[in-house]
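Residue numbers for the sequence shown follow the working numbering, so the first one is 1 and each next one is one higher. Where a beta carbon is used, it is the ideal one built from N, C-alpha and C, also for glycine. All of these numbers come straight from a predicted model, not from anything done at the bench.
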Amino acid sequence: MTRGIGVALEQERVQAGLSLKALCQGICSHGELNRLKNGGREPDKFLLDRLWARLGKGMEKLEVMLSDTDYAMYELRNLMRQSMEEEHFEELEWYLDFYESLEEGKKPLQQQYLCEIRAIRAFLEGKEDIAAKELEKAIFCTMSDFRKENIFCYALSVEELRLLFLYLKTTKEVETSVKVVFYRQILAFLTKEYIEKEEKARLYPQVVLELSRLTGEKARIEKDVRYALELLREEGRFFHLIETLSLLLELLKEKKEESKEKEFLEKTLYYLKRLCEEYGIAETQPFWVDFSERELYLDYELLQKSRKARGISQEELSQEICSQEALSRIETSKSKARAKTFRQLAERLGKRGERCGACIDAEDYEILKLERMEGRCISYCRYQEAEEIFERIQEYGLKDTRENRQYLLLERAIFKRTKKEISYSDSLALLQEAHVLNNMAIAYYRIGEKEKAIS
Numbered sequence: 001m002t003r004g005i006g007v008a009l010e011q012e013r014v015q016a017g018l019s020l021k022a023l024c025q026g027i028c029s030h031g032e033l034n035r036l037k038n039g040g041r042e043p044d045k046f047l048l049d050r051l052w053a054r055l056g057k058g059m060e061k062l063e064v065m066l067s068d069t070d071y072a073m074y075e076l077r078n079l080m081r082q083s084m085e086e087e088h089f090e091e092l093e094w095y096l097d098f099y100e101s102l103e104e105g106k107k108p109l110q111q112q113y114l115c116e117i118r119a120i121r122a123f124l125e126g127k128e129d130i131a132a133k134e135l136e137k138a139i140f141c142t143m144s145d146f147r148k149e150n151i152f153c154y155a156l157s158v159e160e161l162r163l164l165f166l167y168l169k170t171t172k173e174v175e176t177s178v179k180v181v182f183y184r185q186i187l188a189f190l191t192k193e194y195i196e197k198e199e200k201a202r203l204y205p206q207v208v209l210e211l212s213r214l215t216g217e218k219a220r221i222e223k224d225v226r227y228a229l230e231l232l233r234e235e236g237r238f239f240h241l242i243e244t245l246s247l248l249l250e251l252l253k254e255k256k257e258e259s260k261e262k263e264f265l266e267k268t269l270y271y272l273k274r275l276c277e278e279y280g281i282a283e284t285q286p287f288w289v290d291f292s293e294r295e296l297y298l299d300y301e302l303l304q305k306s307r308k309a310r311g312i313s314q315e316e317l318s319q320e321i322c323s324q325e326a327l328s329r330i331e332t333s334k335s336k337a338r339a340k341t342f343r344q345l346a347e348r349l350g351k352r353g354e355r356c357g358a359c360i361d362a363e364d365y366e367i368l369k370l371e372r373m374e375g376r377c378i379s380y381c382r383y384q385e386a387e388e389i390f391e392r393i394q395e396y397g398l399k400d401t402r403e404n405r406q407y408l409l410l411e412r413a414i415f416k417r418t419k420k421e422i423s424y425s426d427s428l429a430l431l432q433e434a435h436v437l438n439n440m441a442i443a444y445y446r447i448g449e450k451e452k453a454i455s
């Protein structure tokens, strides 16, 4: 995505039919978004995550290069989650206070996260009233109009919808009939076309399960239950799979009709429970647990490890880019490389110089979606379907860049080998050819042929 993540955001915003106001509401100004779009601003990784999520996209399609500060924030979040799961609440409180004391910790998105963690802790301690108040505060961090107007007219991320769901589940101030209306609105919002299935699968099944608990009209939600199950299957999610499967089976039993589907579901449920028992997996998950994937890397670690792997000295790498001392400070995380400096250093090492990108060098986000689908099909051994998607990707006319040549070589090797069109040794030769492209880039850089190295 050589034109920058900001341009991709703008393209997806227009395609989704969202206004700038809706996208920015409560998290950033129009000016900040424009600077990000024009490449004049190094994107705040947490802001980027939320903007992308409000467009219904998951960050799992992108590889994000973090500064040590960003990485520390993610690491602190991980430690807080771990302390909470182990119910080490004194330790958790220390992490919360430290996180909030940081300059970054005072931003709305960070405050929202802290409120969410405090709410979950309160719930685990049996203090549901406090949990509801903290969740309400979390919602107000980015949705200040929550009490004044219909918030569903805005662009909401799954994370924000999830906070609303958690609030409704814990509060006693909202009547059951009103909760049911809100849950149906959340489900309706999640069916919007621009929201990807990966994101829908994070929340849709939970809302359906809660809706089934509150309403006696079981037959009315059968369609929702089936769609929830479809999402979980397609996305390979285990969270809430057994609960959703059990609910559908319950609905079918109420019809008092024998069917092959019912028999199949009973067998599936039996083997899933056997699997849980054998491997010690919980059949149900706490309602506050979320599932998401991220590809996160440290920017300075990438530079340091890549330089050493290529046998390049700091003096050689930094030549005509920055001083050797400056590179040393960057590699030891004592200072942060500016976007331009990082790009030049990364490109000299044969890496793409964007802190946020993907394994394919593409201008169209649709290609990244297809690449993700293809990878999932391969992991499920659905090779014919994966190859069909691969052919669709090639129809887009990928640019002739090193990343794309590597990608095409790798995928062709996989498909030729799975169809037994080539031998194991021939497939290894294709993979070796892809690896050679990296070494060619380094060699060109060393002799000063920068353009050839990048292309």
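- Contact between the region 190–206 and the region 48–56 is present, with at least three C-beta pairs closer than 8 Å.
- Distances from the alpha-carbon of C381 to those of F415, L368, R274 put F415 closest.
- Separation of the CB atoms of K45 and V7 is rounded to 18 Å, and the pair is thereby denied contact status at 8 Å.
- For A119, the secondary structure class from DSSP, reduced to helix, strand or coil, is helix.
- Going by beta carbons, I195 and L163 fall outside the 8 Å limit.
- A residue is called buried once 16 or more other Cβ atoms fall within 10 Å of its Cβ, and H88, having fewer, is exposed.
- In the structure shown, C381 adopts coil according to DSSP, grouped into three states.
- Excluding the 5 residues flanking it on each side, K253 has same chain C-beta neighbours closer than 8 Å at K262, in chain order.
- Pairwise C-beta distances place the region 263–276 in contact with the region 236–248, as three or more of them are shorter than 8 Å.
- V225 places its beta carbon 8 Å or farther from that of L187.
- Annotation: N34 to L303 spans about 29 Å, alpha carbon to alpha carbon.
- Shortest Cα-Cα distance from F98 to any of I27, E116, M73 involves M73.
- Under the criterion of beta carbons closer than 8 Å, V180 and L214 qualify as touching, at roughly 6 Å.
- About 16 Å separates the CB atoms of R118 and L102; that is not less than 8 Å, and the two are not in contact.
- In this structure, DSSP gives S246 a helical state, which the three-state scheme calls helix.
- Q110 sits away from E116, with the two beta carbons spaced by 8 Å or more.
- Here the C-alpha atom of C153 lies approximately 46 Å from the C-alpha atom of E331.
- Nearest to Q206 by C-alpha distance, out of L9, M373, I389, W288, is W288.
- The C-beta distance from K169 to E210 rounds to 6 Å, short enough to meet the 8 Å contact threshold.
- Ranked by how close their Cα comes to the Cα of R50, the residues Y113, L231, N150 have Y113 in first place.
- Around the Cβ of D145, a 10 Å sphere holds fewer than 16 other Cβ atoms; the residue is exposed.
- Rounded to the nearest whole angstrom, the CA to CA distance from I312 to I321 is 15 Å.
- Under the three-state reduction of DSSP, K57 is assigned to coil, being neither helix nor strand.
- Contact between M143 and G26 holds, since their C-beta atoms are separated by about 6 Å, short of 8 Å.
- Check the Cα spacing between L18 and each of P108, E193, L79: the tightest is with E193.
- C-alpha of Q384 to C-alpha of E222: approximately 32 Å in a straight line.
- Rounded to the nearest angstrom, the gap between the Cα atoms of G280 and G236 is 19 Å.
- In the three-state scheme derived from DSSP, where H, G and I count as helix and E and B as strand, V174 is classed as coil.
- Counting the other Cβ atoms within 10 Å of the Cβ of Q319 gives fewer than 16, which makes it exposed.
- Looking from the CA of K107, the closest CA among E136, E257, C141 belongs to C141.
- In the structure shown, the three-state DSSP call for G6 is helix.
- For V289, there is no enclosing alpha helix (DSSP H), as DSSP gives it neither H nor E.
- Around the beta carbon of A386, 16 or more other beta carbons lie within 10 angstroms, which makes this residue buried.
- In this structure, L265 keeps its C-beta atom at 8 Å or more from the C-beta atom of S306.
- Judged by beta-carbon spacing, L161 lies within the 8 Å limit of F189, meaning their Cβ atoms are closer than that value.
- N34 carries a helical assignment under DSSP once its states are collapsed to helix, strand and coil.
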